[in-house]
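> Numbering (the numbering used here), first residue to last: -2 to 268.
Where a beta carbon is used, it is the ideal one built from N, C-alpha and C, also for glycine.
The structure under discussion is supplied below as C-alpha cells; questions concerning it will follow.
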C-alpha cells in the first residue's frame, strides 16, 4: 500500500495518534456514524480508514473475532514508520475496541497546531506521557504534509499583528508563501527529506523551518529546546526513543478487561 502511495504512511501514524488522543487507543476514531470522532472538525483531513478496514477484513478471514481494530491500527502505525525508513518496535497486543465515539470530544481534545507548549505538556501528562514523549512523538512530522489553511496565520497575520510569525526563517517564509497561494494546497512538514523518516525534523527546527506553530515552539521554549538539540545531533537516539514513546502512546488508556469493549467484526461499526 505504502509502496504505491508514500503519503499513506504519515496518514496511518496520524490516524493512530488521533485515536489514542480521545478515550485512549480503542479504535473509536474508526467508528463511522453521525456525530462520531470521524466527523469532527479535527478529523477533517484524516485518511487511511479504508486501509485499516481492508486489513481487518483479511484478518477476519484468517482469524475471526480475534484481533481488534485498535490493535490493527497500532500495528499499522509501526509498519508505516518502518516502511519510510524508521525504527521497528514490538507492538503489545490485546486491546479491545471501544463503543463510544463523539465529535465533540475529538474537537475538544485533539491538538490542532496552535497550542503553546504548556497546553501540549498538559495534554501529554493527562495520558501518561512526558515532556520527552512530546518532543519525540512530534518527530513523526519528519514525514507527512499539512494543509496550507492551518498555517496561513503564521505567514500573514500572526497573533493579529498583520505580520508573519517572527520565528519563521525569512527564506522559508517566502517559500511557504509561494507554495501556499490557496488554503487548500498542501505542503511537506519536513522541507528537506519529506519521504524519509529521519532526524531532519529537529535540524529544521534549529533553522527556524518548523512548519506548524507547535513544531517551531518546541525549539523556542526553554523546556523543550535542549531535547530538540539532542535529537538533532543524535539521530540514533531519536530512533531508539521514538520506538519507546510509540509503545507508550499505543498503551494510553487501553481497554483490556473482560467486560471492557469488544473485538469489532467491522471497524466502522460496533457489533
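1. Would you identify the three-state DSSP class for residue 183, choosing helix, strand or coil?
2. Could you tell me which residues DSSP puts in a beta bridge with residue 162?
3. My parser needs the alpha helix (DSSP H) runs of 4 or more residues fully inside the segment 160 to 244; what are they?
4. What would DSSP say about residue 156, mapped onto helix, strand or coil?
5. Given residue 73, which residues of its chain have a CB within under 6 Å of its CB, disregarding the five upstream and five downstream residues?
6. Can you list, in chain order, the residues of its chain with a C-beta nearer than 6 Å to that of residue 185? Leave out the 5 residues immediately preceding and following it.
7. At what residues does the beta strand (DSSP E) containing residue 142 begin and finish?
8. Which stretch, first to last residue, makes up the alpha helix (DSSP H) that contains residue 69?
9. Would you be able to state if there are at least three C-beta pairs under 8 Å between the segment 124 to 137 and the segment 236 to 251?
10. Pick helix, strand or coil for residue 271, following the three-state DSSP scheme.
11. Taking only the alpha-carbon atoms, compute the straight-line gap between residue 209 and residue 178 and give it to the nearest angstrom.
12. So, for residue 44: in the same chain, excluding its five sequence neighbours on each side, which residues have a beta-carbon less than 6 Å away from its beta-carbon?
13. What three-state label does DSSP hand residue 94 in the structure shown?
14. Go to residue 12, then tell me how far its alpha helix (DSSP H) extends in each direction, as first and last residue.
15. How about residue 27 and residue 66: do their beta carbons lie closer than 7 Å?
16. Rounded to a whole number of angstroms, what is the C-alpha to C-alpha distance between residue 49 and residue 183?
17. Assuming residue 94 contacts residue 258 (C-beta within less than 8 Å), just tell me the rounded distance between them.
18. Would you kindly check if the distance between the Cβ of residue 130 and the Cβ of residue 92 is under 7 Å?
19. From the DSSP output, read off the bridge partner residues of residue 263.
20. Within the same chain, show all residues whose beta-carbon is closer than 7 Å to that of residue 217, passing over the 5 residues directly before and after it, in chain order.
21. So, under 8 Å CB-CB, residue 81 and residue 193 are touching, yes? Tell me the CB distance rounded to an integer number of Å.
22. In three-state DSSP terms, what is residue 48?
23. What does a CB cutoff of less than 6 Å around residue 147 pick up in its chain, not counting 5 residues either side in sequence?
24. Would you be able to state if there are at least three C-beta pairs under 8 Å between the segment 52 to 63 and the segment 95 to 114?
Once the coordinates are examined:
1. The residue given as residue 183 occupies position 186 in the chain shown. Residue state, collapsed to three classes: strand.
2. Residue numbering aside, residue 162 sits at position 165 when the chain shown is read from its first letter. Per the DSSP secondary-structure output, residue 162 pairs with nothing in a beta bridge.
3. Listed in chain order, the complete alpha helix (DSSP H) runs (minimum 4 residues) inside the segment 160 to 244 are 167 to 176, 197 to 203, 210 to 217 and 222 to 230.
4. Here the question's residue 156 lines up with position 159 in the chain shown. The answer is helix: DSSP assigns residue 156 an H, G or I state.
5. Counted from its first residue, the chain shown places residue 73 at position 76. Shown here for residue 73: same chain residues with a beta carbon closer than 6 Å to its own, the five before and five after excluded, namely 9 in chain order.
6. Position 188 of the chain shown holds residue 185. If we look at residue 185 and ignore the five residues flanking it on each side, its Cβ neighbours are 142 and 191.
7. Here the question's residue 142 lines up with position 145 in the chain shown. Per DSSP, the continuous beta strand (DSSP E) segment holding residue 142 begins and ends at 142 to 144.
8. For the purposes of this step, residue 69 is identified with residue 72 of the chain shown, where counting begins at 1. In this chain, the alpha helix (DSSP H) harbouring residue 69 covers 66 to 80.
9. By the Cβ rule, the segment 236 to 251 counts as touching the segment 124 to 137, because three or more pairs are nearer than 8 Å.
10. Only positions -2 to 268 of the chain appear in this structure, which leaves residue 271 out of reach.
11. Within the chain shown, the letter at position 212 stands for residue 209. Within the chain shown, the letter at position 181 stands for residue 178. Annotation: residue 209 to residue 178 spans about 17 Å, alpha carbon to alpha carbon.
12. Here residue 44 corresponds to residue number 47 of the chain shown, with the count starting at 1. Cβ within range, chain order: 8.
13. Taking the first residue of the chain shown as position 1, residue 94 is located at position 97. DSSP places residue 94 in strand when its eight states are reduced to three.
14. Working through the chain shown from its first residue, we reach residue 12 at position 15. 5 to 18 is the span of the alpha helix (DSSP H), which, as asked, contains residue 12.
15. Counting from one through the chain shown, the residue named residue 27 turns up at place 30. Counting from one through the chain shown, the residue named residue 66 turns up at place 69. In this structure, the beta-carbon distance from residue 27 to residue 66 falls below 7 Å.
16. Within the chain shown, numbered from 1, the residue matching residue 49 stands at position 52. Within the chain shown, numbered from 1, the residue matching residue 183 stands at position 186. Roughly 24 Å separates the two Cα atoms.
17. Translated into positions along the chain shown, residue 94 becomes position 97. Translated into positions along the chain shown, residue 258 becomes position 261. Residue 94 to residue 258, Cβ: 5 Å. Contact.
18. Within the chain shown, the letter at position 95 stands for residue 92. Within the chain shown, the letter at position 133 stands for residue 130. Not closer than 7 Å, so no.
19. Start at 1 with the first residue of the chain shown, and residue 263 comes out as number 266. According to DSSP, residue 263 shares a beta bridge with 266.
20. If you number the chain shown from 1, residue 217 lands on position 220. Counting only Cβ-Cβ distances below 7 Å, and skipping sequence neighbours, we find 164.
21. Position 84 of the chain shown, counted from the first residue, corresponds to residue 81. Position 196 of the chain shown, counted from the first residue, corresponds to residue 193. Beta-carbon to beta-carbon, residue 81 and residue 193 are separated by about 7 Å, close enough to satisfy the 8 Å threshold.
22. If you number the chain shown from 1, residue 48 lands on position 51. Helix.
23. Taking the first residue of the chain shown as 1, we reach residue 147 at position 150. Contacts found: 110.
24. Judged by Cβ distances under 8 Å, the segment 95 to 114 makes no contact with the segment 52 to 63, as fewer than three pairs qualify.
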